[in-house]
Amino acid sequence: MDLQLRIADKTWPVLSKLMGGHARVYRLTGGRIGHRIPGVPPMCLIDHVGAKSGKKRTSPLLYIEDEENVVIVASKGGYEKSPAWFYNLKANPDTTVQIGSELRPVRARVATEAQRKRLWPKAVEVYPSYQQYQDRTDRKIPLVILEPR
Numbered sequence: 007m008d009l010q011l012r013i014a015d016k017t018w019p020v021l022s023k024l025m026g027g028h029a030r031v032y033r034l035t036g037g038r039i040g041h042r043i044p045g046v047p048p049m050c051l052i053d054h055v056g057a058k059s060g061k062k063r064t065s066p067l068l069y070i071e072d073e074e075n076v077v078i079v080a081s082k083g084g085y086e087k088s089p090a091w092f093y094n095l096k097a098n099p100d101t102t103v104q105i106g107s108e109l110r111p112v113r114a115r116v117a118t119e120a121q122r123k124r125l126w127p128k129a130v131e132v133y134p135s136y137q138q139y140q141d142r143t144d145r146k147i148p149l150v151i152l153e154p155r
């Protein structure tokens, strides 16, 4: 495990709490605070239900738009496993995404290989660290397409 991942392992509890706070502020302000942060790509809130626990959860994530779809990246910083929200969305794909003040009902699905090939460069353009994450893991980082329903 490289140094960045070892540091991330130690700081994950703090980061997790910060992300929870970010999601609460974003939601409470209708996206006025938290959607756009200087120096950071736009953020959305993705709602998901725990695949095992059944608990409702919300995760703030970077996103890109692709026509009417929203695309999110299941990078988890290049860890060996995808983030929990990825497995939750696979188990319970009908959900909502909040972009700014707009709450959209969506259905989540994993991008096809052709879609990933087209969309990956766009994701890396928005957040170049995604490529570093991909380079440090053996798994192919999935892209999740959130389609309107």
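Letter 6 of the sequence shown, counting from 1, is numbered 12 in this note's numbering, and no numbers are missing.
C-beta: ideal position from N, C-alpha, C; glycine also.
- Taking 8 Å as the upper bound for CB-CB distance, residue 114 and residue 68 are not in contact here, some 16 Å apart.
- Note: residue 65 is bridge-paired with 52 in the DSSP secondary-structure output.
- Between residue 81 and residue 32 the beta-carbon gap is near 20 Å, outside 8 Å, which marks them as no contact.
- Counting of Cβ neighbours within 10 angstroms places residue 79 among the buried residues, the total reaching 16 or more.
- Contact check between the stretch 32-45 and the stretch 81-92: fewer than three CB pairs, one atom from each, fall below 8 Å, which does not count as touching.
- In its chain, beyond the 5 residues on either side, 136, 137 have a beta carbon closer than 6 Å to the beta carbon of residue 130.
- Shown here for residue 55: same chain residues with a beta carbon closer than 8 Å to its own, the five before and five after excluded, namely 61, 62, 63, 94, 97, 98, 101 in chain order.
- Between residue 148 and residue 48, the alpha-carbon positions lie close to 19 Å from each other.
- The alpha carbon of residue 88 has as its nearest neighbour, out of 103, 73, 116, the alpha carbon of 116.
- DSSP places residue 120 in the uninterrupted alpha helix (DSSP H) bounded by 119-132.
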